[in-house]
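Peer 1: This is the structure, below, for whatever I ask next.
Residue numbers (my numbering), protein chains in the order written: chain A, 1 to 339; chain B, 340 to 591; chain C, 592 to 881.
Okay, structure coming up:
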């Protein structure tokens, strides 16, 4: 329970609607393409919400998020193909613990830097990770990837459940996404969340009041990395292959688009952004390079004009509803008078 | 993890504080002390290095040389947040609050001061913090705005919030950087009363100020700085009439 | 010994490239306060300009090189107007994302328009070789290092003597004060970007002769340029230049004596090491916090 009060009421209706819609997807469509798109969307929900913890909540522009995602994927793939396929739980533990270790290794030198330098420092680490992924062929297969990753196996009781069908995959990642959103949501509303906000808004004052900014930032960074790694575990089994291209800049670019247009430090905005920017490219079937040009232009335009656009839309809804209701009241009033 | 000694009234001893920026000497071999329960004023004309001194003492700036003893313990290399844990708390010349957080959260933030966890567990710790937060809200007359975001408050109200937040940290030595600058006289009187109340509670206070009324009315001892050098030290009566001090303020 | 000297020369070439980019980055950050993530892309654009000048316009190398540097001036101005100016007063996050977005657009436009296959440019100096002390230098390399040093000498004189140059130094020290006394902050920012772009033009006119031109060649360069800027102390142009050469040397040595695949890792390792030992960079000053 938080000693420091919440920052505002949670609009429960919206979440309920979103949750219902998410659960209903496989019932509404059996089309494998749509289902797979929805699955990828859920992967990005996890990644984007985790990424926003760093960008939105501690205000640090990290460019190395793909490192944690790829770590999770490689760990799961290698455990599944060469480690005796121990199943989801062990893979998750290895992925998340390893991601936290990576986050601390990257974070400790990087957070010493000024804000701008932090971005570049993390980019440097991304490139180092890319080098390792491409060149350490004995482990990662380099450009030839790790192939033949079997379907996800979840040991439950004495059974080993396999996640085979598209629907089963979708519900698995949906469960992971719900867990991520719930966990990070709770973190944000807790005292630690308030301390994170304090560290972001004024690290000097925070230090003067007993908070160690580095520890707060590392905490957020580690949590973000852990959930990204978890998403990576799922992705490896879902795609059956893990390539060095997963440690690349475009994934981070996409996350930036989702967070900056969805709304920094806004759970509902970021989730919407994640879904929107997974689904949209499938709808606008253009070549990869053109798609990135469009994203880039969109990002540039949004950042200079209306950043955090989607969250503004959400924030404006209650006001809009109120005005609509007021107008309906007035017209009903007028009719009563005339009649 | 340092265990907080009970009760207010710490002793601060600063020796040999020196700092130069780009070849300009901001502080030169400054030494002074604040004895337990004292209110000491650090005064001097603009640019004399007062805020720099506080920055260096509290770990926000790295001086070229310093030795800081808090209750006899050398804390020269300690991080700001750990200094707060040991009871050395400061306020800022340009008032600082967490703008997006409500007043209540601002004040309670000091609950994060490390070292508290040792006593009686976390749940009880935060219950204490909540209780003390409410007390401080009432004490500073902030009940009406307790749930308001700090960036919606007036400048004077923010000063009160900052003071309350500093108090929540249970300071043994409190460094106040221009607590009544740029506020109306009524509020200045209120803050003066709060400072005197803290003094009665036994907190040692170092007061950096320009407002001579406050300084002479409240401080037991003054340290006068000019261009980073201590030019006088003594009671207000002794110090204010010295020629060096007059010249520093008004020129020759 | 000859091998070692070869690596020193390689280091000087790499270093020239990094120093030219880093100088532009440091200038833009110092004067306009903006971190330009798309700076490497300016180099890439210059390289393609050189290619177009040679192939489409049929110019001989010397003319093409001059054309390239000149054309980067309006390119820089355009970049300033579209990307930098709109976010001039906004928070640093938005500025960073804006230049990052610009980088993405430019790289992918290049992929779409020019294709991913590498292009080649030729220079008559590449074939001509000079022999000094048993070491072979292609004249192109001499040209690269020579023009780089000339550019920096010109920049130095500009910053020290010219009215606008002194204004830029003042701006780098204290923006608020400059705005208050009427120094045209925005025009200075434009000038800084144009100079940075011109430097990228010098690099783009000379260096691609030694290898080839691809759309993504600028990305790694931006990061190494930043590594040099950070190492040199953010905003400090001299520091950036010196660090640029230092990093070039580190990379050349690493590539020759350790492993060419992981050479980049050494470059970043050098940066990380510097920051751990001296967070404000080699030439920077300790920053005041409150």
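Idealized CB from N, CA, C, for every residue including glycine.
Distance, Cα to Cα, residue 299 of chain A vs residue 697 of chain C?
Peer 2: The alpha-carbon atoms of residue 299 of chain A and residue 697 of chain C are separated by roughly 13 angstroms.
Peer 1: Run down chain C in chain order and give the residues with a C-beta less than 7 angstroms from the C-beta of residue 114 of chain A.
Peer 2: By Cβ distance, chain C contributes 825.
Peer 1: Only counting the same chain, and skipping five residues up and downstream in sequence, which positions put a Cβ closer than 8 angstroms to that of residue 512 of chain B?
Peer 2: Once the five neighbours on either side are set aside, the close Cβ partners of residue 512 of chain B are 349, 350, 351, 373, 409, 426, 427, 428, 542, 543, 544, 545.
Peer 1: Who are the Cβ neighbours of residue 879 of chain C in its own chain at under 7 angstroms, not counting the five residues just before and after it?
Peer 2: Any reading at residue 879 of chain C must be qualified, since the residue scores a pLDDT of 38, below 50, and its modelled position is unreliable; the value itself is stated next. Excluding positions up to five away in sequence, the list is empty.
Peer 1: Determine, using beta carbons only, whether residue 575 of chain B and residue 561 of chain B come nearer to each other than 7 angstroms.
Peer 2: Cβ atoms of residue 575 of chain B and residue 561 of chain B: closer than 7 angstroms.
Peer 1: Extract the residue ranges of the alpha helix (DSSP H) inside the region 606-689 of chain C, only unbroken runs of 4 or more that lie entirely within it.
Peer 2: The region 606-689 of chain C contains these whole alpha helix (DSSP H) runs: 630-646, 652-670.
Peer 1: Let me know the secondary structure DSSP gives residue 741 of chain C once reduced to three states.
Peer 2: It is helical.
Peer 1: Quick one: grab the DSSP three-state call for residue 157 of chain A.
Peer 2: Coil, per DSSP.
Peer 1: In the DSSP assignment, what residue or residues form a beta bridge with residue 777 of chain C?
Peer 2: Residue 777 of chain C pairs with nothing; no bridge assigned.
Peer 1: Tell me which residues share the same chain as residue 283 of chain A and place their Cβ nearer than 8 angstroms to its Cβ, disregarding the 5 neighbours each side in the sequence.
Peer 2: Hits under 8 angstroms: none found.
Peer 1: Here's the rule I'm using: 16 or more other beta-carbon atoms within 10 Å means buried, otherwise exposed. How should residue 765 of chain C be labelled?
Peer 2: Residue 765 of chain C is exposed by the Cβ-count criterion.
Peer 1: CB-CB under 7 angstroms to residue 854 of chain C, same chain, minus the five flanking residues each way: which ones, in chain order?
Peer 2: Excluding positions up to five away in sequence, the list reads 842, 845, 846.
Peer 1: The beta strand (DSSP E) spanning residue 565 of chain B covers which residue range?
Peer 2: Element bounds for residue 565 of chain B: 560-565.
Peer 1: Where residue 510 of chain B and residue 202 of chain A are concerned, what is the direct C-alpha to C-alpha distance, given to the nearest angstrom?
Peer 2: If you take the alpha carbons of residue 510 of chain B and residue 202 of chain A, they lie about 21 angstroms apart.
Peer 1: Using a Cβ-Cβ cut-off of 6 angstroms (strictly less than) and excluding sequence neighbours within five positions of residue 42 of chain A, which residues of its own chain qualify?
Peer 2: Correct list, in chain order: 173, 174, 177.
Peer 1: Thinking C-alpha only, which one of C/863, C/861, C/839, C/856 is nearest residue 602 of chain C?
Peer 2: Comparing Cα positions, the closest option is C/839.
Peer 1: Which stretch, first to last residue, makes up the alpha helix (DSSP H) that contains residue 404 of chain B?
Peer 2: Counting along the chain, residue 404 of chain B falls outside any alpha helix (DSSP H), though it belongs to the beta strand (DSSP E) covering 404-409.
Peer 1: State the Cα-Cα distance for the pair residue 342 of chain B and residue 275 of chain A, rounded to the nearest angstrom.
Peer 2: Residue confidence for residue 342 of chain B is low, a pLDDT of 37 falling below 50, so the modelled location carries little weight; the figure read from the coordinates is stated next. If you take the alpha carbons of residue 342 of chain B and residue 275 of chain A, they lie about 50 angstroms apart.
Peer 1: Suppose only complete runs of 4+ residues qualify. What are the alpha helix (DSSP H) ranges in the region 215-291 of chain A, listed by chain order?
Peer 2: Fully enclosed alpha helix (DSSP H) runs of 4 or longer: 249-262, 267-283.
Peer 1: Quick one: what does DSSP say residue 211 of chain A is sitting in, helix, strand or coil?
Peer 2: Looking at residue 211 of chain A - three-state DSSP - the assignment turns out to be coil, as it is neither helix nor strand.
Peer 1: So residue 639 of chain C and residue 701 of chain C are supposed to be a Cβ contact under 8 angstroms. How far apart are they, rounded?
Peer 2: Contact flag correct, Cβ pair sits at about 7 angstroms.
Peer 1: What residues are listed by DSSP as bridge partners for residue 360 of chain B?
Peer 2: In DSSP, residue 360 of chain B forms a bridge with B/363.
Peer 1: Are three or more beta carbon pairs between the region 223-234 of chain A and the region 91-108 of chain A nearer than 8 angstroms?
Peer 2: Cβ pair count under 8 angstroms is three or more, so yes.
Peer 1: Kindly indicate if chain A contains any beta-carbon less than 7 angstroms away from that of residue 589 of chain B.
Peer 2: Chain A, which has no Cβ nearer than 7 angstroms to the Cβ of residue 589 of chain B, makes this no.
Peer 1: Among the candidates A/318, A/91, A/253, whose CA atom is the shortest distance from the CA of residue 13 of chain A?
Peer 2: For residue 13 of chain A, the nearest C-alpha among the options comes from A/318.
Peer 1: Determine whether the Cβ of residue 449 of chain B lies closer than 7 angstroms to any Cβ atom of chain A.
Peer 2: Taking Cβ atoms only, chain A reaches closer than 7 angstroms to residue 449 of chain B, which makes this a yes.
Peer 1: Roughly how many angstroms separate the alpha carbons of residue 666 of chain C and residue 636 of chain C, rounded to a whole number?
Peer 2: Using only the alpha carbons, I get a separation of about 9 angstroms.
Peer 1: Sort A/181, A/212, A/253 by Cα distance to residue 192 of chain A and report the nearest one.
Peer 2: The option with the nearest alpha carbon to residue 192 of chain A is A/212.
Peer 1: Roughly how many angstroms lie between the CA atoms of residue 39 of chain A and residue 23 of chain A, to the nearest whole one?
Peer 2: Distance between the alpha carbons of residue 39 of chain A and residue 23 of chain A is about 12 angstroms.
Peer 1: What are the residues of the region 81-98 of chain A that lie near chain B, defined by any Cβ-Cβ distance shorter than 9 angstroms?
Peer 2: Listed in sequence order: no entries.
Peer 1: What does residue 710 of chain C pair with, by DSSP beta-bridge criteria?
Peer 2: C/804.
Peer 1: Spell out whether any CB of chain A is found under 7 angstroms from the CB atom of residue 755 of chain C.
Peer 2: Output row for residue 755 of chain C: interface = no.
Peer 1: Contact between the region 263-274 of chain A and the region 304-324 of chain A: three or more CB pairs below 8 angstroms?
Peer 2: Enough Cβ pairs lie closer than 8 angstroms, so yes.
Peer 1: Does any residue of chain C have a CB that is nearer than 7 angstroms to the CB of residue 224 of chain A?
Peer 2: Taking Cβ atoms only, chain C never reaches closer than 7 angstroms to residue 224 of chain A, which makes this a no.
Peer 1: Which residue from B/485, B/400, B/371 puts its Cα closest to that of residue 204 of chain A?
Peer 2: If we check each option's Cα against that of residue 204 of chain A, B/400 comes out closest.
Peer 1: Pair every Cβ in the region 113-121 of chain A with every Cβ in the region 49-61 of chain A, then say whether three or more of these pairs are closer than 8 angstroms.
Peer 2: As far as the Cβ criterion goes, the region 113-121 of chain A touches the region 49-61 of chain A, which means the pair count is three or higher.
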